[in-house]
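**Q** After the structure tokens below, expect a handful of questions from me.
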Amino acid sequence: MPGMVLFIILAIPLAAGALSFAARKRPAMEAINVTAFAVLFLFTIVLAAEVLRAGSISVLNDFLYADALSALVVVLTAFVALVCSIYAVGYFRHDERNHVFEEDVLGSVTIAKLRKYYSLTPLFVFALLMVALANNLGVMWVAIEATTLTTVFLITFYGRATSLEAAWKYAMIGGVGLSLALFGTILTYYSAYPIVGTDSVAGLNWSVLVKNAAQFDKTSMRIAFILILLGYGTKAGIAPMHTWKPDAYSEAPVPVAAMLAAAVLNCALYGLIRFNVLAAKCLGPQFGSQLLIFFGLLSIGVAVPFVLVQRSFRRLLAYSSIDHGGIMILGLGFGGAFGALGMLLHMTFHSVTKPLLFFCAGNIQQHLKTDLFRRTNGGLIYSMPVSASMFLMGTLAVTGTAPFSMFQSEFAILRAGFDRALFVPATLCVALLAAIFTGFLGHIVKLVLGADRGLPPAQVCRWKKYPLVGLGTLIVILGFWLPSPVFQLIRNAARIAAGEP
Amino acid sequence: MHFYQDPQFGNRMLTLMAAFVLVLQIAMVGQRWLITNIRIFAAQSFLLAGIANTIAYFNHAPHLYIAAFLTLALKAVLLPFLLERMVKKIDIGQEIAPLINVPLSLLISGGLTTVGYVVAQSFHRPAEAASPASLGHNTLAVAISLFLIGFYMMISRRKAFMQVLALLCLENGLFLAAISLTYGMPLIVELGVFFDLLVAVMVLGILVYRIQETFDSMDVSRLSRLRG
Chain B
5 MPGMVLFIIL AIPLAAGALS FAARKRPAME AINVTAFAVL FLFTIVLAAE
55 VLRAGSISVL NDFLYADALS ALVVVLTAFV ALVCSIYAVG YFRHDERNHV
105 FEEDVLGSVT IAKLRKYYSL TPLFVFALLM VALANNLGVM WVAIEATTLT
155 TVFLITFYGR ATSLEAAWKY AMIGGVGLSL ALFGTILTYY SAYPIVGTDS
205 VAGLNWSVLV KNAAQFDKTS MRIAFILILL GYGTKAGIAP MHTWKPDAYS
255 EAPVPVAAML AAAVLNCALY GLIRFNVLAA KCLGPQFGSQ LLIFFGLLSI
305 GVAVPFVLVQ RSFRRLLAYS SIDHGGIMIL GLGFGGAFGA LGMLLHMTFH
355 SVTKPLLFFC AGNIQQHLKT DLFRRTNGGL IYSMPVSASM FLMGTLAVTG
405 TAPFSMFQSE FAILRAGFDR ALFVPATLCV ALLAAIFTGF LGHIVKLVLG
455 ADRGLPPAQV CRWKKYPLVG LGTLIVILGF WLPSPVFQLI RNAARIAAGE
505 P
Chain R
452 MHFYQDPQFG NRMLTLMAAF VLVLQIAMVG QRWLITNIRI FAAQSFLLAG
502 IANTIAYFNH APHLYIAAFL TLALKAVLLP FLLERMVKKI DIGQEIAPLI
552 NVPLSLLISG GLTTVGYVVA QSFHRPAEAA SPASLGHNTL AVAISLFLIG
602 FYMMISRRKA FMQVLALLCL ENGLFLAAIS LTYGMPLIVE LGVFFDLLVA
652 VMVLGILVYR IQETFDSMDV SRLSRLRG
């Protein structure tokens, strides 16, 4: 039965969460998480292969549904979860050795903290996978809300006063944003209601809605799309609802921050794509396109000043993530075959590159015990050759410098803009990206290069080093060669995102 | 025909209950005491369950009975109970200390209600008399007002605890919108939303508790160390 793989994919993280919760020792939890995510990643590849072969698969009367778009997001989620789980082993061991956990104001025990991380993370991954696999747009909303709820306590992991502040902003801004998205979902249901009729199970199934979208009620669909854009935009950290992002990214443990930046962003954008297809079919492409271009440019623009004068490298990465969310939204707004393709390529490359940057930042922060630029004096390349050089390479990759793959995806997005004669937004985008490139690279060069300060070489354990080397190699390879099945998957997903049958 | 089979009667009952829901919401804006606010929320949820029941009865939408029951059990009984226990346990100051004074807040709420009615007008589809909105057109206006006033409460209250309550009011507005527009969402979605709501209140409750422990205050304007 081909649908079986959907159940397995959802069952693995649930089982891993339960097992980690029951485990007593740290090594057991580590082993459970790494193994579970490795197996999960294999099964998502099986799913992608199935989808490439069959087009789409569904089970339970279409309750779970996977087409190329969901398969792509699922594979990326599982990939990010896997690399983060490997890195997390070394990261938390380092914290434990350095007695970081004892700084907690409420003083909870180390093993309890680790159990929290290792059992909440699989649940979080489960919610992320559910977002992509749920056919019902209401269930998708429930899953996105669940990603917020499972991560609140991961952000408060260190129990500092500042992490409570970050978690509070995250929960409240996310909660308000998602209530807007729920309103949008209700209105979508309302606009579809006279056409698809009432059905207490399948009434909001995307696969049904998309076939009838042209006949939906236009007024309510228009308001619904605006609400969805604001709601899921908040979750994706699109300006001006981005304010939770720098706080949450800088306070959460590094593996959690990397998952927020790479996986949650994808899932929120995935929700937006699904609704964008409906709105484009119902209202014509023009309406959504203008809004998306506006918010995309706004996000890139908001990131510029904060990147230029940034004081902390963890927060710098958050603003970079706001910028990339904006680029992807812009790609969706430019639309057409190239726009959607560029957006999904960008999503793929971003999911590979962002974790690398977070891991490098994590290694440096753990070594220097600070994330502020002014407390670092440069010359890190001498004391931490691997992390520092990877950080520099990752920076070049993430700012879209030529040989790296994100250059190609940004190029595709810009080309989509010029194809549609949207010269002003596309040119503005180039200018803003150049400013971000300058600021970002300037900060990192000052951190990494410079005279040797004579710091002792850092002891970086292999759990913290191998994910860096692996991701770095992958990024270099992706710059020159994208395996054809992967490209096929992305191209099929782009067709769905562009609303082609 | 008995009066309880007459759709006209159902319509009037709905309008009456929706009006009470709105009155309670505005009362919450005007209220200064935490415990009273929680009880007003409970009463409001109770009325919402009544509205859901009425719609289910007059429109033969049996799955709404389940939603009505869950609203009653969860939002009218369980959540208020949990919230009150939390207020007593962490012994937070009883007064709410709003940023904007009460008369002005009431005035703003009145304005937001007007906005709600104007927005609801645009959804009115007189051509489709059989569509559900014809039953509860006023209800939709109340729902949007609830949503907007919930937003307003969220930004005008400083205590973390009150923001949680405001979020719940927002959710009440959404529930009312869903049942007045489309007889509620598909059942599976409704169940998921209730589950999320329950977990959200617990998560936020623990967070509020830890903020109180750490900062010795629930004033969220003190949460301002992270910037840039």
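In order, the protein sequences belong to chains B and R. If you count the first sequence from 1, position 33 lands on 37 in our numbering, and the numbers rise without skipping. If you count the second sequence from 1, position 137 lands on 588 in our numbering, and the numbers rise without skipping. Backbone N, C-alpha and C define an ideal beta-carbon position, used for all residues, glycine too. All figures in this text were calculated on a predicted structure; none of them were measured in a lab.
At least one CB of chain R closer than 7 angstroms to the CB of Thr374/B: is that the case?
**A** No, its Cβ sits nowhere closer than 7 angstroms to a Cβ of chain R.
**Q** What three-state label does DSSP hand Ile506/R in the structure shown?
**A** Ile506/R: helix per DSSP, three-state reduction.
**Q** In the DSSP assignment, what residue or residues form a beta bridge with Leu453/B?
**A** Leu453/B is not bridged to any residue.
**Q** Going along the chain, which residues of the segment 136 to 156 of chain B sit with their C-beta nearer than 7 angstroms to a C-beta in chain R?
**A** If the cut-off is 7 angstroms between Cβ atoms, the segment 136 to 156 of chain B has Asn140, Gly142, Val143, Val146, Glu149, Ala150, Leu153, Val156 near chain R.
**Q** Using a Cβ-Cβ cutoff of less than 6 angstroms, which residues in the same chain neighbour Leu530/R once the five nearest sequence positions on both sides are dropped?
**A** Excluding sequence neighbours, Leu530/R sits near Val652.
**Q** Could I get the ranges of all uninterrupted alpha helix (DSSP H) runs contained in the segment 456 to 492 of chain R, with 4 residues as the minimum, in chain order?
**A** Complete alpha helix (DSSP H) runs here, min 4: 458 to 481.
**Q** Could you check where the alpha helix (DSSP H) with Ser672/R kicks off and where it finishes?
**A** Where Ser672/R is concerned, there is no enclosing alpha helix (DSSP H), given that its DSSP letter is neither H nor E.
**Q** If the criterion is Cβ atoms closer than 7 angstroms, does the pair Ala284/B and Gly503/B meet it?
**A** Cβ atoms of Ala284/B and Gly503/B: closer than 7 angstroms.
**Q** Is there a C-beta anywhere in chain B that falls below 7 angstroms from the one on Leu618/R?
**A** Taking Cβ atoms only, chain B reaches closer than 7 angstroms to Leu618/R, which makes this a yes.
**Q** Any chance the segment 318 to 325 of chain B sits against the segment 334 to 346 of chain B, with 3 or more Cβ pairs inside 8 angstroms?
**A** No, because fewer than three Cβ pairs between the segment 318 to 325 of chain B and the segment 334 to 346 of chain B fall closer than 8 angstroms, the two stretches do not touch.
**Q** Can you tell me which of the three DSSP states Arg28/B falls into?
**A** Arg28/B falls in the coil class under three-state DSSP.
**Q** Roughly how far, in whole angstroms, is the beta-carbon of Val390/B from the beta-carbon of Leu472/B, given that I think they are within contact range, below 8 angstroms?
**A** Indeed, because the Cβ distance is near 6 angstroms, the residues count as touching under 8 angstroms.
**Q** Rounded to the nearest angstrom, what separates Met404/R and Ala19/B at their Cα positions?
**A** Outside the shown range of chain R (452 to 679) lies residue 404/R, about which nothing can therefore be said.
**Q** Can you list the residues of chain R that Gly235/B reaches, using a CB-CB cut of under 9 angstroms?
**A** Near Gly235/B there are no residues of chain R at all, since even the closest Cβ is about 11 angstroms away, more than 9 angstroms.
**Q** The alpha helix (DSSP H) that contains Leu482/B, what's its start and end?
**A** Counting along the chain, the alpha helix (DSSP H) containing Leu482/B begins and ends at 466 to 484.
**Q** Can you tell me the Cα-Cα spacing of Leu186/B and Gly179/B, whole angstroms?
**A** Approximately 10 angstroms, taken between the alpha carbons.
**Q** If you reduce the DSSP assignment to three classes, tell me which class Ala70/B lands in.
**A** It is a strand residue.
**Q** Comparing alpha-carbon positions, which option in Ala32/B, Val143/B, Ile190/B, Val258/B lies nearest Phe96/B?
**A** Among Ala32/B, Val143/B, Ile190/B, Val258/B, the Cα nearest to that of Phe96/B belongs to Val258/B.
**Q** Using CA coordinates, which residue listed in Ala27/B, Val77/B, Leu418/B, Arg499/B is at the minimum distance from Ile13/B?
**A** Considering only alpha carbons, the answer is Val77/B.
**Q** Determine the chain A residues that contact Ser573/R at a beta-carbon separation under 7 angstroms, and present them in chain order.
**A** In the structure shown, chain A does not exist; the protein chains are B and R.
**Q** For Asn589/R, name the three-state secondary structure that DSSP assigns.
**A** Helix at Asn589/R.
**Q** Please classify Met8/B as buried or exposed, where buried requires at least 16 other C-beta atoms within 10 Å of its C-beta.
**A** Per the 10 Å Cβ criterion, exposed.
**Q** Looking at the structure shown, is Leu550/R part of a helix, part of a strand, or coil, going by DSSP?
**A** The answer is coil: DSSP assigns Leu550/R none of H, G, I, E or B.
**Q** Please classify Ala580/R as buried or exposed, where buried requires at least 16 other C-beta atoms within 10 Å of its C-beta.
**A** With a pLDDT of 45 at Ala580/R, under the threshold of 50, the modelled position of this residue cannot be trusted; read the value that follows with caution. It is exposed - the Cβ of Ala580/R has fewer than 16 other Cβ atoms within 10 Å.
**Q** So, under 8 angstroms CB-CB, Leu301/B and Ile232/B are touching, yes? Tell me the CB distance rounded to an integer number of Å.
**A** Not quite, the Cβ-Cβ distance comes to about 19 angstroms (not below 8 angstroms), so this is no contact.
**Q** When you compare only the Cα positions, how much space is there between Ala27/B and Val480/B?
**A** So the two alpha carbons sit approximately 38 angstroms from each other.
**Q** DSSP on Ile440/B, reduced to helix/strand/coil?
**A** Three-state DSSP puts Ile440/B in a helix.
**Q** What in chain R is Cβ-close to Ile85/B, meaning under 7 angstroms?
**A** One point to set straight first is that residue 85/B is Ala, not Ile, in the sequence displayed. Simply none; closest approach about 21 angstroms.
**Q** Just curious, the beta strand (DSSP E) that Ser62/B is in, first and last residue?
**A** First-last of the beta strand (DSSP E) with Ser62/B: 61 to 63.
**Q** Can you list, in chain order, the residues of its chain with a C-beta nearer than 8 angstroms to that of Val50/B? Leave out the 5 residues immediately preceding and following it.
**A** Correct list, in chain order: Val9.
**Q** DSSP on Lys686/R, reduced to helix/strand/coil?
**A** Outside the displayed range of chain R (452 to 679) lies residue 686/R, so it cannot be described from this structure.
**Q** Are any of the Cβ atoms in chain B nearer than 7 angstroms to that of Glu676/R?
**A** What sits at residue 676/R in the sequence shown is Arg, not Glu. At least one chain B Cβ lies under 7 angstroms of Arg676/R.
**Q** By Cβ distance, which residues of its chain are closer than 6 angstroms to Met605/R, with the 5 residues on each side in sequence left out?
**A** Around Met605/R: Gln614, Ala617.
**Q** Kindly indicate which three-state DSSP category Ala425/B falls into: helix, strand or coil?
**A** Three-state DSSP puts Ala425/B in coil, outside helix and strand.
**Q** Taking its Cβ as the centre, do 16 or more other Cβ atoms sit within 10 Å of Thr477/B, making it buried, or is it exposed?
**A** Thr477/B comes out exposed.
**Q** Kindly indicate which three-state DSSP category Asn102/B falls into: helix, strand or coil?
**A** Here Asn102/B sits in coil by DSSP.
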